[in-house]
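The opening position of the sequence shown corresponds to residue 107 in this note's numbering, with each subsequent residue numbered one higher.
Here is the structure we will look at.
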Amino acid sequence: MKLYLFIFCFAVTLLNGYSQNRTIEVCANNCEFSSIQKAVDAAKSGDSIFIKKGVYKEHDIFINKKSLHLFGEEGSIVDIDNKGYGIKVEASDFSIASLTIKNVEVSYTSDYAAIYLYRCNNFKLKNITLKKAFFGFLIEKSKHGIVENNNISGVGKSEASSGNAIHLWDSKELIVRQNKVYNMRDGIYIEFGSNNVFENNFSHDNMRYGLHFMFSNDNRYSYNTFQNNSAGVAVMFSKRIQMNNNVFKKNWGTASYGLLLKEISDGEIYHNTFENNTTGITADGSTRITYRENDFINNGYAVKFVGGSYQNNFSRNNFLYNNFDLSYSGGLNDNSFDKNYWSDYTGYDLDKDGYGDVPYRPVKLFSYLVNETPESIILLRSLFIDIINFSEKVTPVFTPKNLTDQQPLMREVQW
Numbered sequence: 107m108k109l110y111l112f113i114f115c116f117a118v119t120l121l122n123g124y125s126q127n128r129t130i131e132v133c134a135n136n137c138e139f140s141s142i143q144k145a146v147d148a149a150k151s152g153d154s155i156f157i158k159k160g161v162y163k164e165h166d167i168f169i170n171k172k173s174l175h176l177f178g179e180e181g182s183i184v185d186i187d188n189k190g191y192g193i194k195v196e197a198s199d200f201s202i203a204s205l206t207i208k209n210v211e212v213s214y215t216s217d218y219a220a221i222y223l224y225r226c227n228n229f230k231l232k233n234i235t236l237k238k239a240f241f242g243f244l245i246e247k248s249k250h251g252i253v254e255n256n257n258i259s260g261v262g263k264s265e266a267s268s269g270n271a272i273h274l275w276d277s278k279e280l281i282v283r284q285n286k287v288y289n290m291r292d293g294i295y296i297e298f299g300s301n302n303v304f305e306n307n308f309s310h311d312n313m314r315y316g317l318h319f320m321f322s323n324d325n326r327y328s329y330n331t332f333q334n335n336s337a338g339v340a341v342m343f344s345k346r347i348q349m350n351n352n353v354f355k356k357n358w359g360t361a362s363y364g365l366l367l368k369e370i371s372d373g374e375i376y377h378n379t380f381e382n383n384t385t386g387i388t389a390d391g392s393t394r395i396t397y398r399e400n401d402f403i404n405n406g407y408a409v410k411f412v413g414g415s416y417q418n419n420f421s422r423n424n425f426l427y428n429n430f431d432l433s434y435s436g437g438l439n440d441n442s443f444d445k446n447y448w449s450d451y452t453g454y455d456l457d458k459d460g461y462g463d464v465p466y467r468p469v470k471l472f473s474y475l476v477n478e479t480p481e482s483i484i485l486l487r488s489l490f491i492d493i494i495n496f497s498e499k500v501t502p503v504f505t506p507k508n509l510t511d512q513q514p515l516m517r518e519v520q521w
């Protein structure tokens with residue numbers, strides 16, 4: 107009998123606890139609260155705040171309570187009216203969803219953001235639209251969060267007057283997926299971030315980089331598209347990165363690239379497409395990277411090695427119709443380029459084993475000349491260039507003598 111009484115009392119206590127979690131409505135008329143901040147102030151841990159359709163002119167909304175959940179219906183808009191931040195959070199176990207936030211103040215001294223998180227854990231930012239943003243999401247010293255299915259755009263006319271759509275600093279174990287970011291300075295920016303996953307994001311038409319990260323180890327980037335940015339992706343001073351199934355496309359400019367690797371080590375780059383970029387990949391101080399089964403299509407340069415890079419391996423990649431497949435400076439440094447498909451390869455396969463019987467030299471003399479004298483690019487399609495490339499092929503003088511693909515593939519790699 108005592109056991110049944112204990113179970114009954116425990117159940118009543120549990121139900122009373124649940125009943126205390128409320129949904130507080132915010133609306134322009136006929137609600138207890140017409141201000142989001144006042145609703146937050148009145149809420150208790152575990153409550154939800156439902157923001158009904160309407161325009162709410164508020165800024166610097168501050169949340170420091172655990173387990174609050176803000177969500178809106180279609181047409182619920184927070185208009186910051188160029189007065190600082192939108193929502194600032196220092197809490198855990200919370201979510202913000204299904205809101206439109208617009209008109210973030212542009213500043214040359216402060217990083218004003220639509221949503222600013224500081225020391226937050228276990229959070230979700232989902233189905234949020236940010237318009238006319240300076241910074242979109244600014245997330246600092248936070249972990250275990252999901253940033254999903256958001257649409258972020260800005261109107262800055264220069265890098266100095268624009269911020270980043272998703273800016274992460276000293277944050278780890280986050281999932282950033284299915285976001286669309288455009289017309290910002292950088293689409294996604296990470297510094298001192300580790301063990302994060304970035305997947306299925308579309309970053310396009312940004313003034314600087316589609317993705318930019320520094321000092322960030324053990325991160326994975328998968329199934330993202332970086333298109334029509336001033337430069338696609340810049341990866342700097344990081345270790346153990348994995349980039350797979352991404353598209354780097356139409357990133358054009360005099361010093362542009364699909365992917366820049368600067369002082370990177372111990373990474374995997376596979377199943378990516380580099381198409382119509384000024385340069386597909388620029389590697390500077392890149393060491394122990396495996397490049398496999400990537401497509402390089404119609405780029406100015408497919409791959410450029412411009413600094414001390416060691417023990418990199420290129421295998422089973424497709425080099426298709428690039429102006430230059432490979433530009434290389436310095437010694438070979440234990441880098442290998444075997445078993446790739448090269449559309450310019452004109453060799454033969456008499457034993458029918460699928461590999462060319464004649465090694466392929468991917469570095470052309472003309473690419474060396476263009477690096478030394480950029481103006482010579484105007485000779486790209488001339489007969490003179492064919493002659494000097496052939497002479498260098500017969501007797502290498504300016505290009506690395508040992509840089510060859512000993513087993514060039516006769517057919518494109520399917521992956």
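Beta carbons: idealized from backbone N, C-alpha and C, even for Gly.
Alpha-carbon to alpha-carbon, residue j and residue i
i    : j    : result
S380 : K158 : With the sequence shown as reference, residue 380 is identified as Phe, and Ser is not the correct amino acid for it. Computed Cα separation, rounded: 44 Å.
Y451 : F319 : 36 Å
L174 : I186 : 21 Å
I265 : N127 : According to the sequence provided, residue 265 is Glu. The question's Ile does not apply to it. About 45 Å.
G436 : I395 : 18 Å
N136 : F168 : 24 Å
E211 : R517 : 54 Å
M349 : N257 : 23 Å
G251 : D457 : 56 Å
D292 : A149 : 36 Å
F321 : F298 : 5 Å
T129 : L223 : 23 Å
R398 : A219 : 39 Å
G460 : K247 : 52 Å
F490 : N429 : Only weak support is given to the placement of F490: the predicted model assigns it a pLDDT of 46, under 50, and the value that follows is read from those uncertain coordinates. Their Cα atoms are separated by approximately 16 Å.
R283 : V341 : 19 Å
S300 : V161 : 38 Å
I113 : S154 : Because the pLDDT of I113 is 46, which lies under 50, any placement of that residue in the model is unreliable, and the number read from its coordinates should be weighed accordingly. Cα to Cα, the separation comes out at about 29 Å.
K171 : N289 : 33 Å
V412 : N441 : 13 Å
D511 : L365 : 23 Å
I85  : K208 : There is simply no residue 85 to check, as the chain begins at 107 and stops at 521 in what is shown.
P514 : Y295 : 38 Å
F177 : F139 : 15 Å
F354 : G316 : 9 Å
V303 : Q520 : 26 Å
I347 : V339 : 13 Å
G260 : K237 : 6 Å
K524 : L432 : Within the shown structure, residues of the chain are numbered from 107 to 521, placing residue 524 beyond reach of any answer.
Limits of the unbroken beta strand (DSSP E) element including residue i
i    : result
K237 : T235 to K237
K355 : V353 to K355
W358 : Counting along the chain, W358 falls outside any beta strand (DSSP E), and DSSP gives it neither H nor E.
N350 : Q348 to N350
F298 : That residue, F298, is in no beta strand (DSSP E); it is neither H nor E in DSSP.
E369 : L365 to Y376
M320 : Y315 to M320
S309 : F308 to H310
G160 : G160 to Y162
H273 : I272 to W275
R283 : K278 to R283
R128 : Run containing R128: none; DSSP gives neither H nor E here.
V287 : K286 to Y288
F156 : S154 to I157
S268 : Per DSSP, S268 belongs to no beta strand (DSSP E) and is neither H nor E.
R291 : No beta strand (DSSP E) holds R291; DSSP gives it neither H nor E.
S328 : R326 to S328
Start and end residues, alpha helix (DSSP H) containing residue i
i    : result
K345 : Here K345 belongs to no alpha helix (DSSP H); instead the beta strand (DSSP E) covers A337 to K345.
Q333 : No alpha helix (DSSP H) holds Q333; the beta strand (DSSP E) holding it covers T331 to Q333.
Simplified DSSP assignment, three categories, for residue i
i    : result
E518 : coil
E381 : strand
K263 : coil
D147 : helix
T510 : coil
Next item on the list: Could you tell me which uninterrupted beta strand (DSSP E) segments, each at least 3 residues in length, are contained entirely in the region 168-250, listed from first to last along the chain?
Entry: DSSP runs (the beta strand (DSSP E)) wholly in the region 168-250: 175-178, 182-185, 193-195, 198-203, 206-208, 219-224, 227-232, 235-237 and 241-246.
Next item on the list: Enumerate, from N- to C-terminal direction, the unbroken beta strand (DSSP E) stretches of 3 or more residues contained entirely within the region 391-466.
Entry: Taking 3 residues as the shortest admissible run, the region 391-466 contains the following complete beta strand (DSSP E) segments, listed from N- to C-terminal end: 401-403, 407-411, 419-421, 424-426 and 430-434.
Notebook entry, point to check: Does the region 231-242 touch the region 194-205, meaning 3 or more C-beta pairs lie closer than 8 Å?
Noted result: Verdict: yes, contact present.
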